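Chains as they are written, first to last, in our numbering: chain A, 1 to 321; chain B, 322 to 419. Only one structure is covered here, and it is reproduced in the block below.
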Amino acid sequence: MMNMPTPEMYMKRATLASLYINIVLVLIKMSALVFVNSLAIAIDLGISFAGLMVSFILYYSIRLASRPADMAHNYGYGKVEHVCEALEGIVLIGIAVAMSLQSFVKLLHPDEVKLPLVGMLVSMSCSGLNFAGAYYIFKMSVKSGSPAIKAEALHWRMEGFISASISAAFIVSMELTYLSFSDLAHYVDPLAALVVSVLIVFPSFKLAKEAFFKLLDSSVEEESQMEILRHLGRHIHSYCEFGNIRTRVAGRKKFVEISVIMPHDMSLRQSHRMLLRLKNDLERAVENSDVTIHMVPCGKDCDFSARGEMCPYMRLPDSLF
Amino acid sequence: MSIQVKFEKDMAILCLEGNFDETSSRSVEEKMMECLSKDVKNIRFDMSKVKYVSSAGIRVLIIAYKKALKTGKKISLAAMSPKVEETIRTVGILPMFV
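In structure tokens:
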């Protein structure tokens, strides 16, 4: 019988694809840079080089993230995925800032770009490779549910657009030279580099910011919050009250903690059975979750006790709905 | 979100306007607790001007239902927009408020 691929296998496939395609891209762009003295291609190479470094880190991070919890890290290693996301954002911002400064210098002292046709063809083929890689990695991110792989897919798509716009800039430059505006054509390359640098700052900043917030124990997404409440609603007649609902995300793993008040006179065994059912339902509903329910006994200070009525939750119907 | 409380005979009406989400849920919960402590039999949430209910809003509605059960009061939701009603129905808590 064939084994079903696990999320870890999808993640490994995505990181390996990212690693190998990045090596090819870096080699193509480095060779092109030897012939075409284009700042835009230099930026593109810088981005791919950063991508290659991140792919290496991602490959080892994913292996680390998949390790089970141990004595040193009781909640597992899931957060390393967010570290990777943040790192990717920071590296890209760094490249964008450095290249923007270089573009300003080049705008003041513009150079002629050699062999623009080669530059255009290289950028166009790199763009195609980037989009194909983005498509594959995104498919793997959906199958694995990994935020780091999703961030990698977004990065790849962004790189695809960058290479496409650089190849468009080469076309404009060649067109201007053909129309005898070669002086103007010299400005196209640094201008394209500047626009690309500015364009990558915004998504990179967003990526880094989101990763930092996830590192600060951000709550699970709205859809999972709704699932938690749907199940608390489904079991509403099985407990007295619920208190704090605390959730946090660590990579693909979601941690949910809920305090539930149970009837004062219900046995520990019954209460536990009841809450175990709720816990199992929640873990089935919220993918990759680890649910902890804190059982708190009712202090007999509720309105039912004040009126001398029997606690209605002692009757224990599973649910009304 | 703006929250107005009106009292009519034995009913407290909470008129909500805006998004019933993380930022507004705490104030709605406080107003709802105030209403529960008053001598009324019914509490109605007038949802006609609510544009969106998030999980934080749903949480307040479940708490309201639980508290009302204890105090022998009845909670109802009125004039929900189709979008809001769909959200509450999807979570499965609509039968608590009819």
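Glycine residues also receive a C-beta, built at the ideal position from the N, C-alpha and C atoms. No experiment lies behind these values; they were computed from the predicted model shown.
Check	Outcome
Flag B:V430 as yes if its beta-carbon sits less than 8 Å from any beta-carbon of chain A, otherwise no.	Given that chain B is displayed from residue 322 to residue 419, the structure contains no residue 430 of chain B and the question cannot be resolved.
Rounded to whole angstroms, what is the Cα-Cα separation between A:M1 and A:S100?	Any answer about A:M1 is weak, because its pLDDT of 49 lies below 50 and its placement is not dependable; what the coordinates show is given next. For A:M1 and A:S100, the distance between alpha carbons rounds to 56 Å.
Using a Cβ-Cβ cut-off of 8 Å, state whether A:Q270 counts as contacting chain B.	no
In angstroms, rounded to a whole number, what distance separates the CA positions of A:L275 and B:S346?	26 Å
In chain order, what residues of the same chain lie with their CB nearer than 8 Å to the CB of A:L115, ignoring the 5 residues before and after it?	F35, V36
Taking only beta-carbon atoms, is B:S345 less than 8 Å away from chain A?	no
Counting only runs that start and end within the segment 268–301 of chain A, where is the beta strand (DSSP E) found for 3 or more residues in a row?	289–297
Here's the rule I'm using: 16 or more other beta-carbon atoms within 10 Å means buried, otherwise exposed. How should A:S173 be labelled?	buried
Closer than 8 Å, CB to CB, is B:A333 near chain A or not?	no
Would you say A:G76 reaches chain B, if we count a Cβ-Cβ gap shorter than 8 Å as a contact?	no
For A:R246, which of helix, strand or coil comes out of DSSP?	strand
When DSSP labels each residue in this structure, what does B:D367 get in the three-state scheme?	strand
When we look at the beta-carbon of A:A42 and count the other beta-carbons within 10 Å, is it buried (16 or more) or exposed?	buried
From what residue to what residue does the beta strand (DSSP E) around A:F205 run?	Note, A:F205: premise wrong, no beta strand (DSSP E); alpha helix (DSSP H) at 182–215.
Which two residues bound the contiguous alpha helix (DSSP H) that contains B:A400?	Here B:A400 belongs to no alpha helix (DSSP H), and DSSP marks it neither H nor E.
Quick test of your reading: A:V296 and A:I261, contact by CB under 8 Å. State the CB separation rounded to the nearest angstrom.	5 Å
Among the residues of its own chain, which have a CB less than 8 Å from the CB of A:L320, if the five just before and after it don't count?	Confidence at A:L320 is low in this model, with a pLDDT of 38, below 50, so its placement is unreliable and no value can be given for it.
Using the three-state DSSP reduction, which class does A:V113 fall into: helix, strand or coil?	coil
Check the Cβ of A:E329 against every Cβ in chain B and list those closer than 9 Å, keeping chain order.	Lying before the first or after the last residue shown, residue 329 of chain A is absent from chain A, which here runs from 1 to 321.
In chain order, what residues of the same chain lie with their CB nearer than 7 Å to the CB of B:V374, ignoring the 5 residues before and after it?	F341, V405, T408, I409
For A:L215, verify whether its CB is less than 7 Å away from any heavy atom of the ligand SAM.	Although the ligand SAM was asked about, the structure shown includes no ligands whatsoever.
From the DSSP secondary-structure annotation, give me the bridge partner or partners of B:A374.	First, the residue type needs correcting, since residue 374 of chain B is Val and not Ala in the sequence shown. DSSP, once it has assigned bridges, lists B:F341 as partnering B:V374.
In terms of residues, what are the limits of the alpha helix (DSSP H) holding A:I47?	39–65
Pick helix, strand or coil for A:M1, following the three-state DSSP scheme.	Caution is warranted here: a pLDDT of 49 is assigned to A:M1, below 50, making its placement in the model unreliable, and the coordinate value is therefore given only provisionally. In this structure, A:M1 counts as coil in the three-state DSSP scheme.
How long is the line joining the alpha carbons of B:S358 and A:A86, rounded to whole angstroms?	48 Å
Against chain B, with Cβ distances strictly below 8 Å, would A:C302 count as a contact?	yes
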